[in-house]
Structures are given as C-alpha cells and as structure tokens.
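Scroll down for the structure; my scribbles are underneath it.
Number of protein chains: 2
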Amino acid sequence: MLSRFFSDRSIMEARLARPQSVSDGEVISRLAGVFRDVGYEGASMAQLAEATGLQKASLYHRFRGGKQQMAEEVLASAIGWFADNVLRPLNGDGPPAERLAEAIRSLNDFYDGGSKACLLNMLSSPRIEEGPFSRSIKDALEALVDAFAHLCVAAGWKREEARRQAERLVTMLQGSLVLSRGTGSTAPFRNFLADLPGEVLERPSGTDTLE
Amino acid sequence: MLSRFFSDRSIMEARLARPQSVSDGEVISRLAGVFRDVGYEGASMAQLAEATGLQKASLYHRFRGGKQQMAEEVLASAIGWFADNVLRPLNGDGPPAERLAEAIRSLNDFYDGGSKACLLNMLSSPRIEEGPFSRSIKDALEALVDAFAHLCVAAGWKREEARRQAERLVTMLQGSLVLSRGTGSTAPFRNFLADLPGEVLERPSGTDTLE
DNA sequence: GTCTATAACAGGATAGAC
DNA sequence: GTCTATCCTGTTATAGAC
Chain A
1 MLSRFFSDRS
11 IMEARLARPQ
21 SVSDGEVISR
31 LAGVFRDVGY
41 EGASMAQLAE
51 ATGLQKASLY
61 HRFRGGKQQM
71 AEEVLASAIG
81 WFADNVLRPL
91 NGDGPPAERL
101 AEAIRSLNDF
111 YDGGSKACLL
121 NMLSSPRIEE
131 GPFSRSIKDA
141 LEALVDAFAH
151 LCVAAGWKRE
161 EARRQAERLV
171 TMLQGSLVLS
181 RGTGSTAPFR
191 NFLADLPGEV
201 LERPSGTDTL
211 E
Chain B
1 MLSRFFSDRS
11 IMEARLARPQ
21 SVSDGEVISR
31 LAGVFRDVGY
41 EGASMAQLAE
51 ATGLQKASLY
61 HRFRGGKQQM
71 AEEVLASAIG
81 WFADNVLRPL
91 NGDGPPAERL
101 AEAIRSLNDF
111 YDGGSKACLL
121 NMLSSPRIEE
131 GPFSRSIKDA
141 LEALVDAFAH
151 LCVAAGWKRE
161 EARRQAERLV
171 TMLQGSLVLS
181 RGTGSTAPFR
191 NFLADLPGEV
201 LERPSGTDTL
211 E
C-alpha cells in the first residue's frame, strides 16, 4: 500500500516538487505509538497529526480511508514485523533454546521492555464491533499460539500438551502487558520473559506419564 | 455517593413527585456494561443514556462530574463487589479448596463466563493519563495479587513462591480475558478457571527443595 | 428527578491553493 | 505531497420547563 512502487522515486523527489517530509515507515511507526497508547477511539486526528509531524489533510492524502485505514495498516505492519521476528524463529528448525532466545529478544524489542501495550488488546474494543480489526487480531493470536506450540513440540512436549502450554504462554504474555500497564511497572512483563525458557524447555515431570 | 442517605425515601417517592425511574444500582450496572464493552473513550453519552433508559440530562443530574464520574463510580462499584465476593473468600480462613471454589464461582459470575471484559483493562488507557482511574486500577490489581498470595500460603506455599504464583494467576486471569475477547471465544477464560485449583492446590514438587 | 431543547465544542473528513 | 481553511456531524454539557 501507499507508495510501494515509488519508494525510490520519493527519495529522489525530496526537496523537489513534492518532498515526502516523513517516510511511510516512520509515519506508520509513529501512528502505532499513538494507537498503542490510547487505543482506537482515544486517538484523535489532531493527536495523530501531531505525532507524525504532518497535517491532518496530509494524513488523509496518504490514508484515504481515514483513521480506520491508519489503524489497519498499523496493525498489518505490526503483525508483519511480528511474523518476521517472533513467529519465524519459533517456527524455525534450529535448537529450540536458541529459537526461543531470539523470539524473546524480539518480544522485548517489540514491547519495549514492557512499556508498550499490545495493539491486539488496544484495538479489540472499537465501537466498530466485528469490524476490520477483529479478524486480524484473532488470526494473529492464533498464529502466535501455533508458533509456540510448534516450539514446544520441538522441545519434546506431546502435541496435546504443547498446544495447551502454548495457549498458556500467549495468555501470560497478554496478561503481563495488562498488568504492566495497570500497575505502572514493567516488572510483570520482564518476569514473564524471564520465566519463558523454563516454561518451554522444562516439561513437568509427573504429568506426561498418563497418555 | 448519590442518594445513599435516601435509598428508602426514593422508594417511597416512586410515582410521586420525583419518581426515580431506575435505581442507582441498576444505573451503575448498565453503565458498567457499556464501559466494559467499549472502554472509556468509546462510550458516548448518547450510548450511556440509551443503555440506562435515561436521558443525557438525567444522567448529568445524577453524576454532576459527567462521564468521568460515571466511570469512577462504576469502577468503585465493581471493585467493591470484587472485594466482597472474590477477595473476601481468598483472604478468609476456611479450607483453601473451599475458599478457592467460592472465588472461582464469583469470578465466573463477574466476567459472565468470560464474555465480559475487565474494567481494569478497559479503563487503563483513557487519554486522562495518570488520571482518576490509574490509582484504583493499580490498587485493585495489587489487592488481588495479595489475596491469591494469601490463599497460596494457606495452601502450603512458601511466602516468596506464593507471591510469584499469585502474580502469575492474576496475569493469567487478565490474559485469558484478553484472549477471550480477541478470539471471540470464552474458552481461554474457562480454561483458566478450570486450571486454577491445580495451580493453587498442587505445588510443584521439585522446585521447593532448594530454599 | 426527568425531560426537551440547545448551547459550545471537538471530532473526522474534505476543498483547493501551492 | 503538504499545507491552510473549512465543513459538518457527533460529542459533552447546560438551561429551564414540568
């Protein structure tokens, strides 16, 4: 979307006829910051313009679908980054411990050590019920569960239990972000990341003898 | 707040001079439903009036502080109910299994089987940063951790580990509600409640031999 | 205490110059 | 592509009758 086919041209145009004052990636990134802070309804066009350094009309020029399209592209971008930096290592085929370590580093970056909320949570409640975000959010959560389950299987878990554990991990991730925001401390998120290796690599010893 | 000192009088006044068409408790309950669905910014006065069956001006008569006061009283009411029905059993002194069972029933009621979001999450992001909700939310989350920790100690956990486990449980609670909303299924919440007794009453056998 | 009507404002979105 | 200026709907909030 946007000037995908003109990304090089827009560089050449800088300071010329129609200089693109802020790159598309930078705009998306700054919009994301606002949506993550205050959610969809809480984000005003004035605030989004302020954050990007563009005027409202300029934002509408880039996103003809208005605020909704901005949130959609922000969400798509975040999901893409997540797929590249979190899901890919989890779904890889190297040593589980190393794959997990890479995913943990990415998670720490993505949530800035626990100081940034999750878009999947912040965009879950717009008045637009069953709107354009619902499907993406659901798919993203399930893809993350799948990826963790894949890793757990590689770490030796039985398929059934790997899935349950993966659901627990995604639950803990989201919960730790809620608590970090609610308590004003990043400790819950940091504790979650610190516990992750143990949760994945050390299976409970007594429970896997039944099946 | 409100007509606390006139609760009986307001009944006698019904259909007389100033009939209170909807009870205070009922108004708070219906307002809570809206805030839990769409959050603070997402809730408009028109929607709140619609949900309560009152006109906007009538709502302003009852809540002179406007929407913010409504959210404050809704939050205070929910926290009060939580203290009576969830924290009290957890902090009680009967058999841990029975106390937990009662708390679980209350949690299931409170979140309607996982179909209702948590106000502590939904009110965490208003533009009013560090606003009137932050303190209550932080205190409520910490009180819940304390109560679970108290129960874990009663169930035989060591104090340090009881606290860590309690934090994990509150994290799981919040996370399961996020996932339930995000995936459109109450399964994550129901799984959380189903796992709770095991998480509290069955301590890990291998990890408590070090200290 | 509730209502209708309306004020005062902020919000999302657009027009058109450059 | 960006800007200033503006439109118009929806929002919060108030006035005043009953």
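The listed protein sequences correspond, in order, to chains A and B. Under this note's numbering, the first sequence has 197 at position 197, and the numbering climbs by one with no breaks. Under this note's numbering, the second sequence has 93 at position 93, and the numbering climbs by one with no breaks. Glycine is no exception: its CB is placed at the ideal position from the N, C-alpha and C atoms.
Simplified DSSP state of residue i, which is helix, strand or coil
i: TRP81(A); result: helix
i: TYR111(B); result: coil
i: THR186(A); result: coil
i: HIS178(B); result: Before going further, note that residue 178(B) is Val rather than His in the sequence given. Reduced to three states, the DSSP call for VAL178(B) is helix.
i: PRO95(A); result: coil
i: ARG64(B); result: coil
i: GLY131(B); result: coil
i: ASN191(A); result: helix
i: ALA117(A); result: coil
i: GLU167(A); result: helix
i: VAL22(A); result: coil
i: SER124(A); result: coil
CB contact check: residue i to chain B, cutoff 8 Å
i: GLN174(A); result: yes
i: LEU141(A); result: yes
i: ASN108(A); result: no
i: LYS138(A); result: yes
i: ARG15(A); result: Bear in mind that a pLDDT of 41 at ARG15(A), under 50, signals an unreliable position, so the number given afterwards is only what the model happens to contain. Taking Cβ atoms only, chain B never reaches closer than 8 Å to ARG15(A), which makes this a no.
Residue i and residue j closer than 8 Å at C-beta
i: GLY114(B); j: SER180(B); result: yes
i: ARG203(A); j: GLY156(A); result: yes
i: GLU41(B); j: GLU41(A); result: yes
i: ASN121(A); j: LEU177(A); result: yes
i: PHE148(A); j: LEU75(A); result: no
i: ALA78(B); j: LEU119(B); result: yes
i: GLY39(B); j: SER125(A); result: yes
i: VAL200(A); j: VAL170(A); result: no
i: LEU123(B); j: ALA103(B); result: no
i: LYS138(B); j: GLY175(A); result: no
i: LEU54(B); j: VAL34(B); result: no
i: SER36(A); j: LYS116(A); result: For the sequence presented, residue 36(A) should be read as Arg rather than Ser. Cβ distance < 8 Å, so ARG36(A) and LYS116(A) count as in contact.
i: LEU87(B); j: ALA143(B); result: yes
i: MET172(A); j: MET70(B); result: no
Residue i, buried or exposed, once every other Cβ within 10 Å from all chains shown has been counted against 16
i: PRO188(A); result: buried
i: GLU167(B); result: buried
i: HIS150(A); result: buried
i: GLY182(B); result: buried
i: GLN165(B); result: buried
i: ALA162(A); result: buried
i: ALA194(A); result: exposed
i: ALA154(A); result: buried
i: ALA46(B); result: exposed
i: ALA57(B); result: exposed
Chain A within 8 Å of residue i, Cβ atoms only
i: GLU211(B); result: Its pLDDT being 44, under 50, GLU211(B) is placed unreliably in this model, and the value from its coordinates should be taken loosely. Judged by the 8 Å Cβ criterion, GLU211(B) is not in contact with chain A.
i: LEU87(B); result: no
i: LEU201(B); result: no
i: ASN91(B); result: no
i: THR183(B); result: yes
i: THR171(B); result: yes
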